[in-house]
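Per this note's numbering, the very first residue in the sequence shown carries number 1349; after that it's consecutive. Don't be surprised by glycine CBs; every beta carbon is placed ideally from N, CA and C. Just so you know, these numbers come straight off a predicted model, no measurement behind them. Each remark here refers to the structure printed beneath this line.
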Amino acid sequence: MMKEIKLSQPIMAHGNELHVLELKEPTVKDIKKLGFPFDSQMIGDPKKVADYIVALGNVTPSSVEQLTPYDFLMITGEIMMFFGPKDQVKEAETPLEAEQAQSSPLNIL
C-alpha cells in the first residue's frame, strides 16, 4: 500500500521538484533497520521519522530537510498510521446467519 501526501511547498528530490511525496508501507525489514518511529508513549521521534521518510519515500536526507514543519508533521502522522489498526474485515457469515438474512423481511433481493 502506498500513501500519497500532497506537500504544502515543493521540495527538490533527485533533481526534480516534488509536490507529492509517496510513501510505501514499511516492512519488518524496515522496522528492524530503523526501529519504531515512536517511543513507548506513541510520541514520534523526529530523527527516526526523518529516517523513515528517506526509506519509505525514496528521497535523500537533504530532501527531507527541505520539508516545512507542517509537511513534516503531516508525514509523521501518515507514518504513524502504518502502525495503527487496519480496517476490520467482516467475518464470513455462519450458515445460520446466512439463512436468517435470506428469510428476513428486509431482504428484498
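Taking the CA atoms as reference points, MET1390 sits about 24 angstroms from LEU1355. The alpha carbon of THR1375 has as its nearest neighbour, out of LEU1369, PRO1385, LEU1366, the alpha carbon of PRO1385. Residue burial is scored here from C-beta neighbours: GLY1405 has at least 16 other C-beta atoms within 10 angstroms and is therefore classed as buried. For ILE1359, there is no enclosing alpha helix (DSSP H); the enclosing beta strand (DSSP E) has its first and last residue at 1350 to 1361. Residues of the same chain with a CB within less than 8 angstroms of the CB of HIS1367, apart from the 5 flanking positions on each side, are LYS1354, LEU1355, PRO1358 in chain order. Excluding the 5 residues flanking it on each side, MET1350 has same chain C-beta neighbours closer than 8 angstroms at GLU1370, LEU1371, LYS1372, GLU1373, in chain order. For PHE1420, the three-state secondary structure derived from DSSP is helix.
A distance of 7 angstroms or more separates the beta carbons of ALA1403 and ASP1419.
For SER1410 and ALA1361, the gap between their C-alpha atoms comes out near 8 angstroms. In this structure, MET1428 is the residue among GLU1352, LYS1434, MET1428 with its C-alpha nearest to the C-alpha of VAL1397.
Counting along the chain, LYS1396 sits inside the alpha helix (DSSP H) bounded by residues 1394 to 1405.
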